[in-house]
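Below is one structure, written out as structure tokens; comments come after it.
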Amino acid sequence: MNEITVFIMGKGYRVPAGLTIMKAMEYAGYMLNRGCGCRGGYCGACATVYRLPGDYKLYADLACQTPVQDGMYIAQLPFTPAERPEYTLDELKPDGAALLALFPELARCVACNTCTKACPQKLEVMDAVQSCLRGDIPQVAEFTFDCVSCGLCTMRCPAEISHHHVWQLARRLNGAYLTPRAEHVKARVEEIATGKFKGELDKLVTMTKDDLVAAYKARQIEA
Amino acid sequence: MPTNRSPVTRHPSRLAYFPGCAMKDQARSDEVGTLRALALLGYEIEEIPRWNCCGTVYSLAQDDLMRHVGPVRNLVRVQGMGEKRVLTLCAMCYGTLTRSARFVQEPERLKRINAFMDTEDDFRGGIEVVHLLTLLRDEVGYEVLASKVKRSLDGLKVATYYGCVLLRPREFAVDDPERPEVMERVVEAMGGTPTTFPERMECCGAYLTVGRSDIVADRAGRILRSARGGGADVVVTTCPLCQFNLEECRPAGAPLLPVLYLGQILAWAMGEDEPAVAALVAKEPATGKPVSTGV
């Protein structure tokens, strides 16, 4: 077997080449109770930092998405502490002032771009911070649509911004105030409220099991 | 006149434009009017792709290179457009961009900043930062400007308020820091009457508006009283922060002079629809000639 050496929390292990960092940790005997979720790159729980021999850079990525390399030094960051202020969406206006009032540290951004370099999703994180500063909420929502809230940018930011909480607020403001309303959903909810489907539903609820099975089998489905 | 001005290309059409955050937020109406006016003067304005905050306040720490990354990154983006100069409409942006461009003329600093910004092209230097006022003076020229004016301000008394960043420190001043005249000449070219007042170069309080609005209110009151004392109908600035501070931090009892951005007046004079300026200048029905209402 083609084996390589990785260092997990400072201790060396021989692991098969080609594993992800997460699988290499499990191969080495770690049991992951925290810092492990979907294993598919979506949940953002397995934020990991690493260095490579002879390279001054600190890299950041998701453990479930990143293959191990020989000589890799690995440390997991299962959780990023980040301030999340309370707010009531109905009382906010969708503008830059609302974001700055709740997250004043946004104004400390010096555009160093360290957040962007840390992002495993390859988002333009710094540009999203800058869009906050100019009050462009739809742009923030668009830049951060694929954010998995792993917290790596937040861990690296010299301005100590809690990025993923800002993005969440921006997307909520965008959804609540700035995107077109789904009028058809509203109409359907009203239909339900006025009892349009009540007769059909009552009929189903009171059916015997045999009648229900027969009705299910006789249902019209697309070919 | 400052001696540091480098020669600029004449009769250009394309002009790279750095808006700055204020122009996209509180000062949006300043930007809209000014860009329309510049289009009428023959400019093809192209906003820099993916710009970031200029830094707002220039860092004086010699060893704090991180503070210069933001402004330099914007200059890298101008370089990426194949442009040699960039326009800004904001005094704060003008200050940080110009001074950072000078700061990285020292090769060791530039080398370190370029090494840090490793995801960008290296900045090679040689980008000139142009402010609305220097553009109107050095490229358009007062005479050409006057010839393009469609509606004269017809003697409207305009208090030309510079604030501090455009004139200080001396080596980055857009004009003589003791006796500036560029804004007065632009107002004259549009048919207005610039008024003199002692506080025209005083600081508005700038970023203290964030934490010490009481100081800004005091400054704003003094500046507005001084402008009113000079007989002005309107105060004009070329800085959205000065405009914000004079308008929003105006203390009770201070003169209710409107505070406009120069580009708004420029747009109106060029024939554009600018309600804020139109409110100041009422048309005389018999002649159709605009006259000052002395707000």
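Chains A and B are the protein sequences, given in the same order.
Using the working numbering, count along the first sequence one by one with no gaps and you end on 223.
Using the working numbering, count along the second sequence one by one with no gaps and you end on 518.
Even glycine gets a Cβ: it sits at the ideal position worked out from N, Cα and C.
Close beta carbons around V353 of chain B, own chain, < 6 Å, minus the five adjacent residues each side
The beta carbon of V353 of chain B sits closer than 6 Å to the beta carbons of R308, L310 from its chain, once the five residues preceding and following it are set aside; these are given in chain order.
By how many angstroms is the C-alpha of L106 of chain A removed from the C-alpha of A123 of chain A?
One point to set straight first is that residue 123 of chain A is Leu, not Ala, in the sequence displayed. Approximately 17 Å between the Cα atoms of the pair.
Residues of the region 130-150 of chain A in Cβ contact with chain B at a cutoff of 7 Å, in chain order, please.
Within the region 130-150 of chain A, contact with chain B at the beta-carbon level (separation under 7 Å) is assigned to Q130, L133, R134, G135, D136.
Is S131 of chain A closer than 8 Å to Q121 of chain A when the C-beta atoms are compared?
If you check the CB distance, Q121 of chain A and S131 of chain A do not come in under 8 Å.
Which residues in chain A sit within 8 Å of M315 of chain B, going by Cβ to Cβ distance?
Listed along the chain, the chain A residues whose CB falls inside 8 Å of the CB of M315 of chain B amount to none; the nearest CB is some 13 Å away.
Could you give the C-beta distance for G318 of chain B and F395 of chain B, rounded to a whole number, given that I count them as a contact under 8 Å?
About 7 Å separates the two Cβ atoms, so the contact holds.
Would a check of beta-carbon distances place C153 of chain A closer than 8 Å to chain B?
Output row for C153 of chain A: interface = no.
Taking 7 Å as the cut-off, is the C-beta of T419 of chain B nearer than that to any heavy atom in the ligand SAH?
Of the ligands one can find in the structure shown there are none, so the ligand SAH has no counterpart to examine.
Through-space distance from Y13 of chain A to R203 of chain B, alpha-carbon basis:
Here chain B covers residues 224 to 518 and nothing more, so residue 203 of chain B does not appear.
Report all residues from its chain with a CB closer than 7 Å to the CB of Y385 of chain B; omit the five preceding and five following residues, and keep chain order.
Leaving aside the five residues that flank Y385 of chain B on each side, the residues in its chain whose CB is nearer than 7 Å to its CB run, in chain order, P403, M406, R423, M424.
Kindly give me the distance between the Cβ atoms of G256 of chain B and E497 of chain B, rounded to whole angstroms, as I take these residues to be in contact under 8 Å.
Between the beta-carbon of G256 of chain B and that of E497 of chain B there is about 5 Å, and that keeps the pair under the 8 Å contact cut.
Minimum C-alpha distance to A260 of chain B - residue among B:D437, B:C313, B:A475, B:Q487:
With distances taken between Cα atoms, A260 of chain B lies closest to B:Q487.
Quick one: measure Cβ to Cβ for Q69 of chain A and L52 of chain A, integer angstroms, because I've assumed they're closer than 8 Å.
For a cut-off of 8 Å, the C-beta gap from Q69 of chain A to L52 of chain A is around 6 Å, short enough to register as a contact.
Please report the residue range of the beta strand (DSSP E) in which E86 of chain A lies.
Here E86 of chain A belongs to no beta strand (DSSP E), and DSSP marks it neither H nor E.
Any idea if P94 of chain A is buried or exposed, counting beta-carbon neighbours within 10 angstroms, 16 or more meaning buried?
Buried, since its Cβ has 16 or more Cβ neighbours within 10 Å.
Report the residues of the region 112-125 of chain A with a CB closer than 8 Å to any CB of chain B, ordered along the chain.
Those would be C112, N113, T116, K117, E124, in chain order.
Within the continuous alpha helix (DSSP H) that includes P138 of chain A, where are the two ends?
Element bounds for P138 of chain A: 137-143.
Is the region 101-119 of chain A touching the region 328-343 of chain B, taking contact as three or more C-beta pairs under 8 Å?
Short answer: they touch.
Anything in chain B within Cβ reach of G54 of chain A, meaning under 9 Å, just list it in chain order.
What G54 of chain A touches in chain B: nothing, since even the nearest Cβ is about 17 Å away.
Chain A contacts made by the region 406-440 of chain B, where a contact means CB separation under 7 Å:
Residues passing the 7 Å Cβ filter: none.
Compute the distance between the beta-carbons of I236 of chain A and I74 of chain A, then report whether it is under 8 Å.
For residue 236 of chain A there is no data in the structure shown, the boundaries of chain A being 1 and 223.
When burial is assigned at 16 or more other CB atoms within 10 Å of the CB, is A97 of chain A buried or exposed?
With fewer than 16 other Cβ atoms from the protein chains shown falling within 10 Å of its own Cβ, A97 of chain A counts as exposed.
Please list, in chain order, all residues of the same chain as G37 of chain A whose beta carbon is under 6 Å from its beta carbon, the five residues on each side excluded.
Only C43, A45 meet the Cβ criterion.
Taking C-beta pairs closer than 9 Å, name the residues in chain A that G265 of chain B reaches, listed in chain order.
In chain order: nothing, as chain A lies at least about 28 Å away.
Just reading off the beta strand (DSSP E) that L310 of chain B is part of, what are its end residues?
Start and end: 308-311.
CB contact check: C224 of chain A to chain B, cutoff 8 Å
Residue 224 of chain A is absent from the model: chain A starts at 1 and stops at 223.
Bridge partner(s) assigned by DSSP for Q76 of chain A
DSSP lists A:T48 as partners of Q76 of chain A.
Do L298 of chain B and L320 of chain B have their beta-carbon atoms positioned less than 8 Å apart in this structure?
In contact: L320 of chain B and L298 of chain B (Cβ atoms closer than 8 Å).
To the nearest angstrom, report how far apart G41 of chain A and C150 of chain A are at their CA atoms.
Their backbone Cα atoms lie some 10 Å apart in a straight line.
Would you mind telling me which residues of chain A sit closer than 9 Å to T319 of chain B, beta carbon to beta carbon, in chain order?
Listed by position along chain A, the residues whose Cβ is nearer than 9 Å to that of T319 of chain B form an empty set, because the closest Cβ is around 11 Å away.
Selected residue, minimal CA-CA separation from G434 of chain B, among B:N468, B:G415, B:P421, B:R451
Scanning B:N468, B:G415, B:P421, B:R451 for the CA closest to the CA of G434 of chain B turns up B:N468.
Closest Cβ-Cβ distance between G10 of chain A and chain B: below 8 Å?
Judged by the 8 Å Cβ criterion, G10 of chain A is not in contact with chain B.
Could you pull the DSSP bridge partners for V255 of chain B from this structure?
V255 of chain B is not bridged to any residue.
When Cβ atoms are compared, which residues of the region 275-287 of chain B fall closer than 8 Å to chain A?
Hits within the stretch, in order: N275, C276, G278.
On the three-state DSSP scale, how would you describe D61 of chain A?
D61 of chain A falls in the strand class under three-state DSSP.
Run through the region 129-197 of chain A for me and flag every whole alpha helix (DSSP H) of 4 or more residues, listed as ranges in chain order.
Counting only runs of 4 or more, we get 137-143, 152-156, 163-173, 183-193.
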